[in-house]
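Everything on this sheet refers to the single structure shown next.
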Amino acid sequence: MLVFTNVQSVVTLICVLFLSGIVMGNLAFRAGLGVKRWILLGLLIGPVAYPLFNTHKHYAWRRSVGKSSGSLRF
0 MLVFTNVQSV VTLICVLFLS GIVMGNLAFR AGLGVKRWIL LGLLIGPVAY PLFNTHKHYA
60 WRRSVGKSSG SLRF
């Protein structure tokens, strides 16, 4: 059975937040969004930022192509 002490819990939380910041920065770079903003958000709130990122990416895409245009994505 896994039992975490306080120190292990804090170290695990810091590692998850750090990894989340790196992943969010990479995703933002690939999507053409502000990298620093998403790295900071990933470091502060962790994996919770991922749904926010997807929504922001979708809105940015809709702004760039316009409301009346249609497209096929595969």
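Per numbering that gives the first Met the number 0: the sequence shown = residues 0 to 73.
Quick reminder that beta carbons are idealized off the backbone N, C-alpha and C, glycines included.
Report the rounded CA-to-CA distance for residue i versus residue j, giving the unit in angstroms.
| i | j | result |
| --- | --- | --- |
| residue 30 | residue 2 | 39 Å |
| residue 11 | residue 28 | 26 Å |
| residue 45 | residue 64 | 30 Å |
| residue 42 | residue 66 | 33 Å |
| residue 57 | residue 19 | 20 Å |
| residue 9 | residue 32 | 30 Å |
| residue 54 | residue 6 | 35 Å |
| residue 13 | residue 50 | 20 Å |
| residue 36 | residue 48 | 11 Å |
With burial defined as no fewer than 16 other Cβ atoms inside 10 Å of the residue's Cβ, what is the status of residue i: buried or exposed?
| i | result |
| --- | --- |
| residue 59 | exposed |
| residue 21 | exposed |
Do residue i and residue j have their C-beta atoms within less than 8 Å of each other?
| i | j | result |
| --- | --- | --- |
| residue 24 | residue 34 | yes |
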